[in-house]
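Residue numbers (UniProt numbering), protein chains in the order written: chain A, 1 to 348; chain B, 1 to 348.
Protein chains: 2
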Amino acid sequence: MASAAGDEVPNKMVILKRYVTGFPSEDDMEVVTGTARLAVPPGSPAMVVKNLYVSCDPYMRGRMTKHERPSYVPDFVLGEALVNFGVGKVMASGHPEYKVGDLVWGMTGWEEYTLVPKPETFFKINHPEFPLSYYTGVLGMPGLTAWAGFLDVGKPKKGDYVFVSAASGAVGQLVGQLAKLTGCYVVGSAGSDEKVNLLKTKFGFDEAFNYKKEEDLDAALRRYFPDGIDIYFENVGGPTLEAVLDNMRNHGRIPVCGMISQYNLEEPEGVHNLFQVVAKRVRMEGFMVLDYFNQYYKFEEEMAGYLKEGKITYVEDIAEGLEKGPAALIGLFTGRNVGKQLVAVARE
Amino acid sequence: MASAAGDEVPNKMVILKRYVTGFPSEDDMEVVTGTARLAVPPGSPAMVVKNLYVSCDPYMRGRMTKHERPSYVPDFVLGEALVNFGVGKVMASGHPEYKVGDLVWGMTGWEEYTLVPKPETFFKINHPEFPLSYYTGVLGMPGLTAWAGFLDVGKPKKGDYVFVSAASGAVGQLVGQLAKLTGCYVVGSAGSDEKVNLLKTKFGFDEAFNYKKEEDLDAALRRYFPDGIDIYFENVGGPTLEAVLDNMRNHGRIPVCGMISQYNLEEPEGVHNLFQVVAKRVRMEGFMVLDYFNQYYKFEEEMAGYLKEGKITYVEDIAEGLEKGPAALIGLFTGRNVGKQLVAVARE
Numbered sequence: 001m002a003s004a005a006g007d008e009v010p011n012k013m014v015i016l017k018r019y020v021t022g023f024p025s026e027d028d029m030e031v032v033t034g035t036a037r038l039a040v041p042p043g044s045p046a047m048v049v050k051n052l053y054v055s056c057d058p059y060m061r062g063r064m065t066k067h068e069r070p071s072y073v074p075d076f077v078l079g080e081a082l083v084n085f086g087v088g089k090v091m092a093s094g095h096p097e098y099k100v101g102d103l104v105w106g107m108t109g110w111e112e113y114t115l116v117p118k119p120e121t122f123f124k125i126n127h128p129e130f131p132l133s134y135y136t137g138v139l140g141m142p143g144l145t146a147w148a149g150f151l152d153v154g155k156p157k158k159g160d161y162v163f164v165s166a167a168s169g170a171v172g173q174l175v176g177q178l179a180k181l182t183g184c185y186v187v188g189s190a191g192s193d194e195k196v197n198l199l200k201t202k203f204g205f206d207e208a209f210n211y212k213k214e215e216d217l218d219a220a221l222r223r224y225f226p227d228g229i230d231i232y233f234e235n236v237g238g239p240t241l242e243a244v245l246d247n248m249r250n251h252g253r254i255p256v257c258g259m260i261s262q263y264n265l266e267e268p269e270g271v272h273n274l275f276q277v278v279a280k281r282v283r284m285e286g287f288m289v290l291d292y293f294n295q296y297y298k299f300e301e302e303m304a305g306y307l308k309e310g311k312i313t314y315v316e317d318i319a320e321g322l323e324k325g326p327a328a329l330i331g332l333f334t335g336r337n338v339g340k341q342l343v344a345v346a347r348e
Numbered sequence: 001m002a003s004a005a006g007d008e009v010p011n012k013m014v015i016l017k018r019y020v021t022g023f024p025s026e027d028d029m030e031v032v033t034g035t036a037r038l039a040v041p042p043g044s045p046a047m048v049v050k051n052l053y054v055s056c057d058p059y060m061r062g063r064m065t066k067h068e069r070p071s072y073v074p075d076f077v078l079g080e081a082l083v084n085f086g087v088g089k090v091m092a093s094g095h096p097e098y099k100v101g102d103l104v105w106g107m108t109g110w111e112e113y114t115l116v117p118k119p120e121t122f123f124k125i126n127h128p129e130f131p132l133s134y135y136t137g138v139l140g141m142p143g144l145t146a147w148a149g150f151l152d153v154g155k156p157k158k159g160d161y162v163f164v165s166a167a168s169g170a171v172g173q174l175v176g177q178l179a180k181l182t183g184c185y186v187v188g189s190a191g192s193d194e195k196v197n198l199l200k201t202k203f204g205f206d207e208a209f210n211y212k213k214e215e216d217l218d219a220a221l222r223r224y225f226p227d228g229i230d231i232y233f234e235n236v237g238g239p240t241l242e243a244v245l246d247n248m249r250n251h252g253r254i255p256v257c258g259m260i261s262q263y264n265l266e267e268p269e270g271v272h273n274l275f276q277v278v279a280k281r282v283r284m285e286g287f288m289v290l291d292y293f294n295q296y297y298k299f300e301e302e303m304a305g306y307l308k309e310g311k312i313t314y315v316e317d318i319a320e321g322l323e324k325g326p327a328a329l330i331g332l333f334t335g336r337n338v339g340k341q342l343v344a345v346a347r348e
């Protein structure tokens, strides 16, 4: 059926079926087929994007819960496609700066086609010579997160002792490599021997350990950091943060990126030794990648350079097809993914 | 008995009798009389100080405990005089820059006379026109703490919403007034109606409340800060910190000065909502006044100016005589003191 707004086509999507408390399951989501139009209404500045890759990120867990007081990101809407960063190709546009065929990344839907009302919230892809999936990771939001969080919030100096949790994940693997490029000593923790091996052999961490095999995390940290930790890049929270606080050095810094260990708990765990923040003069600072979007293109050039020179290596874990989306997302919380998890919606 | 090191005189002192776990009692200390010499050995760069005022500070609680791993300040030594900041007059000196009769403040003993091996750790008193006791407070360590913690760590801007806990104490009363001088809106909490009244009528806080009368601290903070808190000057820790975290504004700052609510607990309470540090991009930063000692004389001039111009008001609670020292120190933890607690050792 033709219309001013273009032909309707089927649009497969992953929707949220119900709000989640505790651990999410695949069954909280559903893959359904709706419709989309591949044109924008006349006069509208919107664009239609064909989604190629969508990203699975831990922070999405928060959006699966119904919040009484507004959260820092909106809750997902039941029955609608999940929303997150992804890579796409412009299929139709009423915006003067976004043309049909442009490759872009930004906040899109877990679906084949997304109508984007504000194209200016999307970034152009300036380095299509890399796999486009990289723009959900090393060249996209997680890359900018690692770069801004480690360099701007962490303020590393050559010789600093750096600890990274969730170190083989999308952000952790890059933080570790940026730390090595800065001349730091870097230790990472991860949840399987395979990941630990990756950290040491592929990403160049000085040391790495499987936290699931450590009965006493404090003792492990004392072993790897006999002189203490200057920078802890915080991805997990809870007991790990507690053990780290006891092992920080004076004037240490903790860029707080996320706390994945706490996202599925109905009652988050308590951190009991915050007085260490005083005793060690620690700066613990939360940050959000959105605050650094104005530096994105600068970051993109810098990171593209590192990739070309082979100074940064990148590992991703791609689920093929939206049907695999729910399992891929849940897998973040069981640690099933090895490297950056994403979903390939279409290979073009 | 005369000797090369001078005459021996009686030296009353407050000693620690036993290390403390849980809540300390007066009985953990004892007032005894030893001896002191009022001269320094020939050739020594030491000095002997006659103590006039010694300060009671919450951080001293940590020094009353025996630590397995070294703490950030040394544990007190059993049987020896307690050690803390105080004001004194030089009685004898082998140091070229410290002369008999000089008025000084620095780390001294809870006793009548103290032999100071390193006089250069003491500051000269440049404004003896103020009560000398002020050098244990508004012109001494707590004053520098408030000044550095609020201005340098807190980075206030005009119009910021500021919350101060333990607000009538040595540091809190000054933070509130510095916040008003900066053009902030300031609310303080304290543990009695008398203190709350002091905050509003004497120190110029915009609002103040008695936290012991609030069943729901979160609700109280929402009442006083409907738009949230930009700066929380943290003196108490525990459940107060938790309630504050839920009420911080984006990019809020928490200079962490101390956590007095936790010092006497055998197991510190947990803080369960640290994820707010990410959601609100909060900077939580511990600091220690020692790191600002190189700015002391600059601070002294600035604060002396405020006092002379009547821009800063100061309230102290003076216990007369070393015999009252143990009760005065314990009183910090029951909130008995109104204003800055100190002990007058000698009035001269």
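By construction, the Cβ of each residue, glycine as well, lies at the ideal position given by its N, Cα and C atoms.
Model, not experiment: these values are computed from the prediction.
The alpha-carbon separation between B/Leu-329 and B/Val-87 amounts to approximately 17 Å. Here A/Glu-111 is buried. Its C-beta has 16 or more other C-beta atoms within 10 Å. No Cβ-Cβ contact shorter than 7 Å links A/Lys-195 with A/Ser-165. Under the Cβ distance rule, B/Tyr-72 counts among the residues neighbouring chain A, one pair being separated by less than 7 Å. Annotated three-state conformation of B/Tyr-297 is helix, per DSSP. Across the structure, A/Leu-332 and B/Val-244 are spaced so that their CA atoms are roughly 31 Å apart. Inter-residue distance for B/Val-256 and A/Val-187 is about 28 Å (C-alpha atoms, whole angstroms). Where B/Thr-108 is concerned, the enclosing beta strand (DSSP E) starts and stops at 103 to 109. Chain B has no Cβ within less than 7 Å of the Cβ of A/Glu-302. If you draw a 10 Å sphere on the C-beta of B/Lys-308, you find fewer than 16 other C-beta atoms in it, and that means exposed. Closer than 9 Å at the C-beta level to chain B, one finds these residues of the segment 266 to 279 of chain A: Glu-267, Pro-268, Glu-269, Gly-270, Val-271, His-272, Asn-273, Leu-274, Phe-275, Gln-276, Val-277, Val-278, Ala-279. Sequence-distant partners of B/Asp-160 (beyond 5 residues in either direction) whose C-beta falls short of 7 Å from its own C-beta, in its chain, are Cys-184, Asp-230, Ile-231. In terms of CA proximity to B/Phe-122, B/Phe-85 leads the group B/Phe-85, B/Ile-15, B/Gly-191.
Across the set A/Met-141, A/Gly-62, A/Thr-313, the C-alpha of A/Met-141 shows the shortest separation from the C-alpha of A/Trp-105.
Distance from A/Thr-33 to A/Glu-8 at the Cβ level is roughly 12 Å; contact not present, criterion being Cβ atoms closer than 8 Å.
Legend: CB atoms of the segment 223 to 243 of chain B lying less than 8 Å from CB atoms of chain A belong to residues Gly-237, Leu-241. In this structure, A/Ile-254 places its C-beta atom within 7 Å of the C-beta atom of A/Met-284. Excluding its 5 nearest sequence neighbours in each direction, A/Phe-163 has C-beta neighbours in its own chain below 6 Å: Val-187, Ile-229, Tyr-232, listed in chain order. Distance between A/Leu-274 and A/Asp-246, taken at the CA atoms: about 9 Å. The Cβ neighbour count for A/Asn-294, taken over all protein chains shown within 10 Å, is under 16; the residue is labelled exposed.
Against A/Glu-285, the close residues of chain B are Val-277, Arg-281, Val-282, Arg-283, Met-284, Glu-285, in the order they occur along the chain (beta-carbon pairs closer than 9 Å). The alpha-carbon of B/Thr-136 is positioned some 7 Å away from that of B/Leu-342.
With a cut-off of 8 Å on Cβ pairs, the segment 12 to 23 of chain A is in contact with the segment 65 to 85 of chain A, counting three or more such pairs. Taking 7 Å as the cut-off, the beta carbon of A/Ala-46 is found no closer than this to the beta carbon of A/Val-54. Note: B/Arg-37 is bridge-paired with B/Glu-8 in the DSSP secondary-structure output. Under the three-pair Cβ rule at 8 Å, the segment 120 to 134 of chain B does not count as touching the segment 145 to 161 of chain B. Residue burial is scored here from C-beta neighbours: A/Ser-93 has at least 16 other C-beta atoms within 10 angstroms and is therefore classed as buried. Identification of chain B residues near A/Gly-258 by a Cβ-Cβ cut-off of 7 Å yields Val-278, ordered along the chain. Counting along the chain, no beta strand (DSSP E) covers B/Glu-26, and no H or E run does either.
Inter-residue distance for B/Thr-145 and A/Val-20 is about 46 Å (C-alpha atoms, whole angstroms). DSSP, reduced to helix, strand and coil, places B/Phe-85 within a strand of the structure shown. By the CB criterion at 7 Å, A/Met-60 and A/Pro-24 fall outside the cutoff. Beta bridge pairing from DSSP links A/Arg-253 with A/Ile-231, A/Arg-283.
At the C-beta level, A/Asp-75 and A/Lys-66 come within 7 Å of one another. Its chain contains Leu-52, Tyr-53, Ser-133, Ile-318, Ala-319, Glu-320, Gly-321 as the residues whose beta carbon lies nearer than 8 Å to that of A/Ala-344, once the 5 sequence neighbours on both sides are disregarded; these appear in chain order. If you draw a straight line from the Cα of B/Asn-235 to the Cα of A/Tyr-224, it comes to about 33 Å.
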